[in-house]
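2 protein chains.
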Amino acid sequence: MSYALSGKRHVAPSTRRRIQDVIDELGYRPNAAARALKEGRTRTIGLVIPPAGNRLTHMQLDFVASVVDAAARVDLDVLLSSSGGDHDRSFERLVSEYRVDGVILMEIRLEDPRVGRLQKAGLPFVGIGHTAGDQQMPWIDVDYAGLIQHCVRHLADLGHRRVALVTRSPELIAAGYGPARRAREGFETALTERGLDGIEVPCGDDARSGQECVEALLRSHPDLTAVTTINEAALPGIQRALADTGLEVPYDFSITGVAARTWAEDFRPPLTAADVPAQEMGEKAVSLLVERIASPDTPPRHILLTPPISLRSSTAAAPTPWPSRVDRAAH
Amino acid sequence: MSYALSGKRHVAPSTRRRIQDVIDELGYRPNAAARALKEGRTRTIGLVIPPAGNRLTHMQLDFVASVVDAAARVDLDVLLSSSGGDHDRSFERLVSEYRVDGVILMEIRLEDPRVGRLQKAGLPFVGIGHTAGDQQMPWIDVDYAGLIQHCVRHLADLGHRRVALVTRSPELIAAGYGPARRAREGFETALTERGLDGIEVPCGDDARSGQECVEALLRSHPDLTAVTTINEAALPGIQRALADTGLEVPYDFSITGVAARTWAEDFRPPLTAADVPAQEMGEKAVSLLVERIASPDTPPRHILLTPPISLRSSTAAAPTPWPSRVDRAAH
DNA sequence: TTGTAGGCGTTATCAT
DNA sequence: ATGATAACGCCTACAA
Numbered sequence: 001m002s003y004a005l006s007g008k009r010h011v012a013p014s015t016r017r018r019i020q021d022v023i024d025e026l027g028y029r030p031n032a033a034a035r036a037l038k039e040g041r042t043r044t045i046g047l048v049i050p051p052a053g054n055r056l057t058h059m060q061l062d063f064v065a066s067v068v069d070a071a072a073r074v075d076l077d078v079l080l081s082s083s084g085g086d087h088d089r090s091f092e093r094l095v096s097e098y099r100v101d102g103v104i105l106m107e108i109r110l111e112d113p114r115v116g117r118l119q120k121a122g123l124p125f126v127g128i129g130h131t132a133g134d135q136q137m138p139w140i141d142v143d144y145a146g147l148i149q150h151c152v153r154h155l156a157d158l159g160h161r162r163v164a165l166v167t168r169s170p171e172l173i174a175a176g177y178g179p180a181r182r183a184r185e186g187f188e189t190a191l192t193e194r195g196l197d198g199i200e201v202p203c204g205d206d207a208r209s210g211q212e213c214v215e216a217l218l219r220s221h222p223d224l225t226a227v228t229t230i231n232e233a234a235l236p237g238i239q240r241a242l243a244d245t246g247l248e249v250p251y252d253f254s255i256t257g258v259a260a261r262t263w264a265e266d267f268r269p270p271l272t273a274a275d276v277p278a279q280e281m282g283e284k285a286v287s288l289l290v291e292r293i294a295s296p297d298t299p300p301r302h303i304l305l306t307p308p309i310s311l312r313s314s315t316a317a318a319p320t321p322w323p324s325r326v327d328r329a330a331h
Numbered sequence: 001m002s003y004a005l006s007g008k009r010h011v012a013p014s015t016r017r018r019i020q021d022v023i024d025e026l027g028y029r030p031n032a033a034a035r036a037l038k039e040g041r042t043r044t045i046g047l048v049i050p051p052a053g054n055r056l057t058h059m060q061l062d063f064v065a066s067v068v069d070a071a072a073r074v075d076l077d078v079l080l081s082s083s084g085g086d087h088d089r090s091f092e093r094l095v096s097e098y099r100v101d102g103v104i105l106m107e108i109r110l111e112d113p114r115v116g117r118l119q120k121a122g123l124p125f126v127g128i129g130h131t132a133g134d135q136q137m138p139w140i141d142v143d144y145a146g147l148i149q150h151c152v153r154h155l156a157d158l159g160h161r162r163v164a165l166v167t168r169s170p171e172l173i174a175a176g177y178g179p180a181r182r183a184r185e186g187f188e189t190a191l192t193e194r195g196l197d198g199i200e201v202p203c204g205d206d207a208r209s210g211q212e213c214v215e216a217l218l219r220s221h222p223d224l225t226a227v228t229t230i231n232e233a234a235l236p237g238i239q240r241a242l243a244d245t246g247l248e249v250p251y252d253f254s255i256t257g258v259a260a261r262t263w264a265e266d267f268r269p270p271l272t273a274a275d276v277p278a279q280e281m282g283e284k285a286v287s288l289l290v291e292r293i294a295s296p297d298t299p300p301r302h303i304l305l306t307p308p309i310s311l312r313s314s315t316a317a318a319p320t321p322w323p324s325r326v327d328r329a330a331h
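Residue numbers (UniProt numbering), protein chains in the order written: chain A, 1 to 331; chain B, 1 to 331.
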């Protein structure tokens, strides 16, 4: 077939013309599978998302969208696969049938069997999140420990003495979910450092859980004056529970944490929080993967993102314990 | 190669054993591209999502997740592609390089060039949403017209005389976005039918826009007592604008519309709304597509979903015009 | 029951 | 400058 006219070698205008006519007449379209077979690569990357049961958070959604975007920019297609749950077949197909040139693995667990699987298959991949061990793999992660530590310090500086950390669901924690674990580390570090009282509570990824969780918290710890969280989906519920209890943010109660920018800005009042740079993560993940595909034997790079904490309006000085709520009227 | 032992024909245990040994030793793994080339199908479907710029709504997200899920259940992979914006190359690759066996096309416009493109390519597809013309294509859609009509009737029954329809963004409407158009039809039908005053306002897909939009609405139409909407992303803003104005839902003001179940339930108070059955739509879309791929010449089926309107707590009798807000204290 | 050959559509190489 | 040919890996029909 005289198809080397994809610019590879020189061709006479007349021939080019003739070929074009044939293409038009026969409605010729190139076949990706044949090309993939010949070239040994698919120009497709796999994106492994958490199972659909656990609905994706905004952060994750933004991340997926930005991966698709970044991939499209370098002419890569994205094959979606949810792993975990009952359809691990999908993941297995991805890694074992040469369907993709590389994989982006979301929601890595501290001990994650998928990592070993990918390594055994020799398929290039980058993780979103990192495992506990020192496994040789490239990853991108958000520095939850540092961020939460920073948040708690901020609260301590404002005079809060007892703060709570609202983390993710019990199941996720039990499964060894990195961000939850590392948020805890940062939380405890800051607690010790500043001599604060802290309480950590797991919380489902939805408004209802957030509400119940904070209600319970306020009942059991009436002296609580601040919360920090990595659970953005719980935020509307947290807000609601506070409002229902008659606590006004930030005068009576401070909130801070890490969340997608939209959520932080949509919070009322706007949330003092580290804005997870989902867009940036998506772009970096793709370029890291592309790099990895090109040279699989380079030592893996790690990118730990520490977005700045945007000071908005959800944190303020701790209410003075006694007499309490009238104080601020005096200002 | 002697591995028609994928169950096709009978094979002696000894041979099978021998082959298995070789497989293990060489680390043989089947190659999807080769299979696709031979079989003439890819076992992959394409899912065309709106461009990442416009962040996906929860409805859309739920839909994507359920498509991935349903596809996995029948061992199909999902190739993601965002169309519109600047990366139409991605869409073009999808339709013209035999990368997928069929396509699910989200966010169909009333006049949508992609439909013609797919038809010309002879690629099976199903649309989420339908075009204006009588184009021969299978689709699944939500009956926005009927739903909004129903919502307005409900408001009329409750005594509301002037209601607003909060629709989607001006750009989307200008682009001929079906749901916006059809919501308008239903709105106007109900208005005429019941002799109500109505006003339709476009609104961006985010909380901020929702808030601004309702604030403007309340300024320009002080006698407004109810809103119906198809813009779920605007809901938090609508809620906020009302609260800021001191209007209590549902006593002073009623809200209803169509939204993902989560949003309706998370609304405060819980929203009387038609819950978009995203999950069901995803499953149906996949099975419609599979059917279509199997027999492309069958006349295309259409599925118009009319989910029931769940009566929750965001609608109530219109406040009596004069004297107004004290009335309900008397109850 | 098992081995072998040919072709799916592409592209790279070799010959013209 | 262009036409012919082989090979990527899988599947299947046919031969042994």
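Each residue gets a CB set at the ideal place from its N, CA and C atoms; glycine is no exception.
Under 8 Å from the C-beta of residue i: neighbouring residues of chain A
{"i": "Y251/B", "result": "Within chain A, no residue comes near Y251/B; the closest Cβ sits about 18 Å away, beyond 8 Å."}
{"i": "R240/B", "result": "R268"}
{"i": "A194/B", "result": "Reading off the sequence, residue 194/B comes out as Arg, not Ala. Ordered by position in chain A, no residue passes the 8 Å Cβ test against R194/B, which lies about 34 Å from the chain."}
Residue-level contact to chain B via CB, residue i, 9 Å cutoff
{"i": "V68/A", "result": "yes"}
{"i": "S310/A", "result": "no"}
{"i": "P51/A", "result": "yes"}
{"i": "D75/A", "result": "yes"}
{"i": "G102/A", "result": "no"}
{"i": "D62/A", "result": "yes"}
{"i": "R55/A", "result": "yes"}
Residues that residue i contacts on chain B, provided the C-beta gap is smaller than 7 Å
{"i": "residue 334/A", "result": "Outside the shown range of chain A, which is 1 to 331, sits residue 334/A, and nothing can be said about it."}
{"i": "N231/A", "result": "Within 7 Å Cβ-Cβ: nothing; N231/A doesn't reach chain B, min ~15 Å."}
{"i": "D266/A", "result": "A207 and P236"}
Within-9 Å CB hit, residue i to chain A
{"i": "A174/B", "result": "no"}
{"i": "S96/B", "result": "yes"}
{"i": "P30/B", "result": "yes"}
{"i": "D206/B", "result": "yes"}
{"i": "S90/B", "result": "yes"}
{"i": "R168/B", "result": "no"}
{"i": "A330/B", "result": "Annotation note: pLDDT 44 at A330/B (below 50); position unreliable, coordinate value reported separately. Not closer than 9 Å to any Cβ of chain A, the Cβ of A330/B fails to qualify, so no."}
Classification of residue i by the beta-carbon crowding that lies within 10 angstroms, buried from 16 upward
{"i": "R18/A", "result": "exposed"}
{"i": "V115/A", "result": "buried"}
{"i": "D223/B", "result": "exposed"}
{"i": "H10/A", "result": "exposed"}
{"i": "E39/A", "result": "exposed"}
{"i": "P299/B", "result": "exposed"}
{"i": "residue 395/B", "result": "Absent from the model: residue 395/B. The displayed extent of chain B is 1 to 331, so no value can be given."}
{"i": "R117/A", "result": "buried"}
{"i": "Q239/A", "result": "buried"}
{"i": "A12/A", "result": "exposed"}
{"i": "A278/A", "result": "buried"}
Residue i beta carbon near the ligand HEM (any heavy atom closer than 8 Å)
{"i": "A132/B", "result": "With respect to the ligand HEM, the structure offers nothing, as it holds no ligand at all."}
Three-way DSSP call (helix, strand, coil) for residue i in this model
{"i": "T192/A", "result": "helix"}
{"i": "L56/A", "result": "coil"}
{"i": "T15/A", "result": "helix"}
{"i": "G40/A", "result": "coil"}
{"i": "D223/A", "result": "coil"}
{"i": "H10/B", "result": "coil"}
{"i": "H331/B", "result": "Legend: pLDDT at H331/B = 45, less than 50; position of this residue unreliable, value from coordinates given subsequently. Three-state result, H331/B: coil."}
{"i": "V201/A", "result": "strand"}
{"i": "I230/A", "result": "coil"}
{"i": "G237/A", "result": "helix"}
{"i": "A46/B", "result": "In the sequence under discussion, the amino acid at residue 46/B is Gly, which differs from the Ala named in the question. If DSSP states are grouped into helix, strand and coil, G46/B belongs with the strands."}
{"i": "Q20/A", "result": "helix"}
Residues that residue i contacts on chain B, provided the C-beta gap is smaller than 9 Å
{"i": "L37/A", "result": "N31, A33, A34, A36 and L37"}
Contacts of residue i in chain A (Cβ-Cβ under 7 Å)
{"i": "T42/B", "result": "A33"}
{"i": "A278/B", "result": "Within chain A, no residue comes near A278/B; the closest Cβ sits about 10 Å away, beyond 7 Å."}
Interface residues of chain A facing residue i [CB-CB closer than 9 Å]
{"i": "R93/B", "result": "A32, R43, D75 and D77"}
Within chain B, partners of residue i - CB distance below 8 Å
{"i": "A72/A", "result": "S81, S82, H87, R89 and S90"}
- Ranges of the beta strand (DSSP E) found wholly within the region 72–128 of chain A, counting only runs of at least 3: Runs found: 77–82, 102–105 and 125–128.
- Which runs of the beta strand (DSSP E) spanning at least 3 residues fall entirely within the region 257–325 of chain A, listed in chain order? The qualifying runs are 272–276 and 302–305.
- beta strand (DSSP E) runs contained entirely in the region 141–185 of chain B, provided each spans 3 or more residues: 162–166
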